[in-house]
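Chains as they are written, first to last, in numbering that gives the first Met the number 0: chain A, 0 to 201; chain B, 0 to 201; chain C, 0 to 201.
C-beta atoms are modelled at their ideal positions from N, C-alpha and C, and glycine is treated no differently.
Bear in mind the structure is a predicted one, so any value in this text is a computation, not a measurement.
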Amino acid sequence: MISYYFNLFGVVMFAISGALAASDKNMYKDLFGLSFTGFATAVGGGTLRDIILGSHPIAWVADNNYLIAITAGIILTIIFKRQLTKIPKILLVFDTIGIAIYTIIGMEKALALHVAPLAAVIMGLFTAVMGGVIRDTLINEIPQIFRKEIYATACIAGALVYLVLKYFSLPDLWSAVISIITIIVVRLTAVKFKWSLPKFEV
Amino acid sequence: MISYYFNLFGVVMFAISGALAASDKNMYKDLFGLSFTGFATAVGGGTLRDIILGSHPIAWVADNNYLIAITAGIILTIIFKRQLTKIPKILLVFDTIGIAIYTIIGMEKALALHVAPLAAVIMGLFTAVMGGVIRDTLINEIPQIFRKEIYATACIAGALVYLVLKYFSLPDLWSAVISIITIIVVRLTAVKFKWSLPKFEV
Amino acid sequence: MISYYFNLFGVVMFAISGALAASDKNMYKDLFGLSFTGFATAVGGGTLRDIILGSHPIAWVADNNYLIAITAGIILTIIFKRQLTKIPKILLVFDTIGIAIYTIIGMEKALALHVAPLAAVIMGLFTAVMGGVIRDTLINEIPQIFRKEIYATACIAGALVYLVLKYFSLPDLWSAVISIITIIVVRLTAVKFKWSLPKFEV
Numbered sequence: 000m001i002s003y004y005f006n007l008f009g010v011v012m013f014a015i016s017g018a019l020a021a022s023d024k025n026m027y028k029d030l031f032g033l034s035f036t037g038f039a040t041a042v043g044g045g046t047l048r049d050i051i052l053g054s055h056p057i058a059w060v061a062d063n064n065y066l067i068a069i070t071a072g073i074i075l076t077i078i079f080k081r082q083l084t085k086i087p088k089i090l091l092v093f094d095t096i097g098i099a100i101y102t103i104i105g106m107e108k109a110l111a112l113h114v115a116p117l118a119a120v121i122m123g124l125f126t127a128v129m130g131g132v133i134r135d136t137l138i139n140e141i142p143q144i145f146r147k148e149i150y151a152t153a154c155i156a157g158a159l160v161y162l163v164l165k166y167f168s169l170p171d172l173w174s175a176v177i178s179i180i181t182i183i184v185v186r187l188t189a190v191k192f193k194w195s196l197p198k199f200e201v
Numbered sequence: 000m001i002s003y004y005f006n007l008f009g010v011v012m013f014a015i016s017g018a019l020a021a022s023d024k025n026m027y028k029d030l031f032g033l034s035f036t037g038f039a040t041a042v043g044g045g046t047l048r049d050i051i052l053g054s055h056p057i058a059w060v061a062d063n064n065y066l067i068a069i070t071a072g073i074i075l076t077i078i079f080k081r082q083l084t085k086i087p088k089i090l091l092v093f094d095t096i097g098i099a100i101y102t103i104i105g106m107e108k109a110l111a112l113h114v115a116p117l118a119a120v121i122m123g124l125f126t127a128v129m130g131g132v133i134r135d136t137l138i139n140e141i142p143q144i145f146r147k148e149i150y151a152t153a154c155i156a157g158a159l160v161y162l163v164l165k166y167f168s169l170p171d172l173w174s175a176v177i178s179i180i181t182i183i184v185v186r187l188t189a190v191k192f193k194w195s196l197p198k199f200e201v
Numbered sequence: 000m001i002s003y004y005f006n007l008f009g010v011v012m013f014a015i016s017g018a019l020a021a022s023d024k025n026m027y028k029d030l031f032g033l034s035f036t037g038f039a040t041a042v043g044g045g046t047l048r049d050i051i052l053g054s055h056p057i058a059w060v061a062d063n064n065y066l067i068a069i070t071a072g073i074i075l076t077i078i079f080k081r082q083l084t085k086i087p088k089i090l091l092v093f094d095t096i097g098i099a100i101y102t103i104i105g106m107e108k109a110l111a112l113h114v115a116p117l118a119a120v121i122m123g124l125f126t127a128v129m130g131g132v133i134r135d136t137l138i139n140e141i142p143q144i145f146r147k148e149i150y151a152t153a154c155i156a157g158a159l160v161y162l163v164l165k166y167f168s169l170p171d172l173w174s175a176v177i178s179i180i181t182i183i184v185v186r187l188t189a190v191k192f193k194w195s196l197p198k199f200e201v
């Protein structure tokens with residue numbers, strides 16, 4: 000039940016992130032471009048996860064509340080966009096909380112369907128980052144996960160922590176909370192100290 | 000039954016639209032590039048809809064007639080492309096009829112599977128426009144739905160009209176015909192008077 | 000059973016091809032970009048096929064060995080990339096063997112699910128080439144299948160040969176071997192003699 004409202008909260012956050020990114024680009028500035036980008040950012044990751052898992056119906060197809068949450072996010076963006084663009088650090092924090100929650104929600108869903116553990120890690124990662132990949136592709140930028148900060152790596156780290164804690168039979172709620180905190184700490188620390196992964200020269 | 004032939008007619012139209020767009024671009028001018036773009040344009044929207052709805056088998060996978068219709072569209076394009084490019088207005092009319100029919104076919108399919116009403120609107124929209132999005136992405140142009148004319152908005156307007164008429168228990172055929180006419184009128188009027196949606200400045 | 004190991008071998012090859020392509024591009028040079036591109040190249044085609052066919056669970060979701068094979072391919076790329084880039088001809092041969100095997104594996108899977116014969120040809124083609132399309136899209140290049148050499152055409156030729164041989168009731172193994180050889184011969188001959196498909200001028 001709590002995870003349902005967490006999920007809707009994440010949907011609003013990602014819809015804002017998508018609509019805001021679109022409103023920055025000339026070609027997507029109209030109401031449709033804004034809404035489409037917000038929509039695709041909010042549900043893209045979870046939709047791809049459910050399609051790969053073959054899990055139907057997909058949440059937003061069966062439940063109007065998701066599309067209402069997205070509409071709320073888009074309206075908030077239009078009204079408050081001037082204020083929102085002035086506080087990039089708050090957006091970073093919200094985005095980080097969003098991907099942390101989504102990673103664990105995605106993993107739990109995959110594990111409940113008895114997928115291979117490594118595939119569950121990828122399903123958690125997809126849930127968290129694929130909406131953003133679709134957003135960045137739509138506005139014609141290199142997806143954030145491929146730019147230098149630790150982003151996907153934080154999700155993968157948290158997902159692996161979750162697997163280990165579950166293996167040692169920690170209660171699910173504790174595993175989830177510890178993993179979510181792991182992702183948030185890794186990501187914010189990486190941003191602060193400008194960590195990045197090693198590069199390979201050919 | 001009629002809707003089956005309508006559907007195949009739409010497939011031919013969209014295949015022509017895709018093949019014609021590809022033949023305009025240097026890199027996609029060979030037979031394979033032409034055919035692939037025609038194929039993806041014709042079935043892309045419906046395939047995405049069925050994948051999201053989890054509705055299998057997808058029409059063109061189970062029924063050879065779809066691929067035969069696409070082949071016909073591609074052959075027509077190769078033979079008549081010089082004539083076709085001289086009549087952009089006729090193409091606009093056919094494209095508009097195509098997206099109008101596809102919107103309502105997509106909505107009816109979604110509603111028959113008992114999805115949330117707002118999700119059915121999106122399924123109708125996806126059926127109509129996603130083939131074109133794939134086409135424009137393949138030939139490396141900004142998708143038509145994001146350019147300034149009223150395009151997706153016409154489909155959404157017609158889909159909402161359909162929902163309202165259905166709510167008031169109009170017979171399905173009447174609801175469908177009125178909604179299709181709505182889409183065609185909104186789109187063609189918007190093109191004629193160069194209507195566009197409001198833009199948002201950051 | 001043999002086809003299982005063939006499949007894993009193909010996964011390693013495609014993972015190397017993806018990781019190598021990513022390491023050539025500045026933006027994807029870090030460990031995550033490399034791994035993601037290798038992963039998407041290796042499983043993209045088969046995943047798309049299974050999603051379109053509605054066939055679940057998808058192999059790499061249910062079976063950890065696929066992700067282990069991809070990891071092996073990525074590690075091999077990192078260790079041996081200098082040597083690998085010096086032998087483009089060997090890579091061409093491996094890639095050709097890979098797409099030949101994948102075409103027939105994809106077709107057999109589709110035909111076992113009783114799809115329309117022409118759709119089975121497309122499913123074979125998708126299995127073989129869509130991983131590469133995803134790879135080239137990620138590294139921002141025109142997909143190889145749209146560049147001038149005979150590439151997809153070789154797969155389609157082999158797939159049609161397979162359909163004909165099956166129609167004449169040849170044993171499956173013979174049909175598979177002859178079709179695979181057809182693809183390899185057509186592709187390598189086309190590369191050697193720089194064959195290409197006819198182009199169409201508007």
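* Nearest to V160 of chain C (by Cα), restricted to the options C:V184, C:A111, C:T76 -> Comparing Cα-Cα distances from V160 of chain C to each of C:V184, C:A111, C:T76, the minimum goes to C:V184.
* Consult DSSP for S174 of chain C and reduce its assignment to one of helix, strand or coil. => helix
* Pull out every residue of the stretch 43 to 59 of chain C whose Cβ sits closer than 9 Å to any Cβ of chain A, in chain order. => T46, D49, I50, G53, S54, H55, P56, I57, W59
* Asked: What is the rounded straight-line gap between the Cα of L187 of chain A and the Cα of T95 of chain A?
  -> If you take the alpha carbons of L187 of chain A and T95 of chain A, they lie about 8 Å apart.
* Residue-chain proximity (A61 of chain C, chain A), Cβ-Cβ < 8 Å -> Answer yes: the Cβ-Cβ gap between A61 of chain C and chain A drops below 8 Å somewhere.
* Quick one: what's got a C-beta closer than 7 Å to V201 of chain A's C-beta in the same chain, skipping five residues either side? -> Note that V201 of chain A scores a pLDDT of 47, beneath 50, so its modelled location is shaky and nothing firm can be said.
* To do: May I have the straight-line CA-CA distance separating L84 of chain A from A21 of chain A, to the nearest angstrom?
  => What sits at residue 84 of chain A in the sequence shown is Thr, not Leu. Their Cα atoms are separated by approximately 12 Å.
* **CA nearest to the CA of T152 of chain B, picked from B:D171, B:A99, B:G72** => B:A99
* Inter-residue spacing [alpha-carbon to alpha-carbon] between E107 of chain B and V190 of chain A -> 48 Å
* **A156 of chain C in three-state terms, based on DSSP** => helix
* To do: Give the residues of chain C in contact with L117 of chain A, contact being defined as C-beta atoms less than 8 Å apart.
  => N63, L66, I67
* To do: Pull up the distance between the alpha-carbon of L7 of chain A and that of L66 of chain A, whole angstroms please.
  => 10 Å
* To do: Would you mind stating whether D62 of chain B and H55 of chain B have Cβ atoms separated by less than 8 Å?
  => no
* Is DSSP giving E140 of chain C helix, strand or coil here? -> coil
* Asked: Going along the chain, which residues of its own chain have a beta-carbon closer than 6 Å to the beta-carbon of P197 of chain A, five neighbours each way excluded?
  -> none
* Report the option in B:F13, B:S2, B:G9 whose CA atom is closest to the CA atom of I133 of chain B. => Between I133 of chain B and the set B:F13, B:S2, B:G9, the nearest pair of CA atoms involves B:F13.
* To do: Kindly indicate if chain B contains any beta-carbon less than 8 Å away from that of G32 of chain A.
  => yes
* F125 of chain B versus T102 of chain B - alpha carbon distance -> 8 Å
* Which residues in the same chain have their Cβ closer than 7 Å to the Cβ of A71 of chain C, if we skip the five residues on either side of it in sequence? -> V11
* Inter-residue Cα distance where the pair is I121 of chain C and I155 of chain C -> Each residue's Cα considered, the two are about 8 Å apart.
* If you draw a straight line from the C-alpha of Y166 of chain C to the C-alpha of P116 of chain C, how long is it? -> Between the alpha carbons of Y166 of chain C and P116 of chain C lies a distance of about 11 Å.
* Asked: On the three-state DSSP scale, how would you describe A115 of chain C?
  -> coil
* Whole-angstrom distance between L19 of chain C and T76 of chain C, CA atom to CA atom -> 6 Å
* Closest Cβ-Cβ distance between V160 of chain C and chain B: below 8 Å? -> no
* So, is V163 of chain A buried or exposed, given that buried needs 16 or more other C-beta atoms within 10 angstroms? -> Its Cβ having fewer than 16 others within 10 Å, V163 of chain A is exposed.
* Round the Cβ separation of G157 of chain A and I179 of chain A to the nearest angstrom and send it over; I've been treating them as touching at under 8 Å. => 7 Å
* **Cβ-heavy atom distance, A99 of chain B to the ligand FMN, below 7 Å** => Judged by which ligands are present, the structure shown has none, so any question about the ligand FMN falls away.
* Asked: Counting along the chain, where does the alpha helix (DSSP H) carrying F232 of chain B start and finish?
  -> Residue 232 of chain B lies beyond the residue range present for chain B, which begins at 0 and ends at 201; the question has no answer from this structure.
* Asked: To the nearest angstrom, how far is it from the Cα of K24 of chain C to the Cα of S195 of chain A?
  -> Answer to the nearest angstrom: the Cα atoms are 17 Å apart.
* Any beta-carbon of chain C closer than 8 Å to the one on V114 of chain A? -> yes
* Near A205 of chain A, which residues of its chain fall below 6 Å by C-beta distance, leaving aside the five closest residues on each side in sequence? -> Within the shown structure, residues of chain A are numbered from 0 to 201, placing residue 205 of chain A beyond reach of any answer.
* To do: Check distances from the C-beta atoms of the stretch 178 to 197 of chain C to those of chain B and list, in chain order, the residues that come in under 8 Å.
  => S195, L196, P197
* **Per-residue contacts from D94 of chain A into chain B (C-beta, under 9 Å)** => Within 9 Å Cβ-Cβ: nothing; D94 of chain A doesn't reach chain B, min ~18 Å.
* To the nearest angstrom, report how far apart G17 of chain B and A39 of chain C are at their CA atoms. => 26 Å
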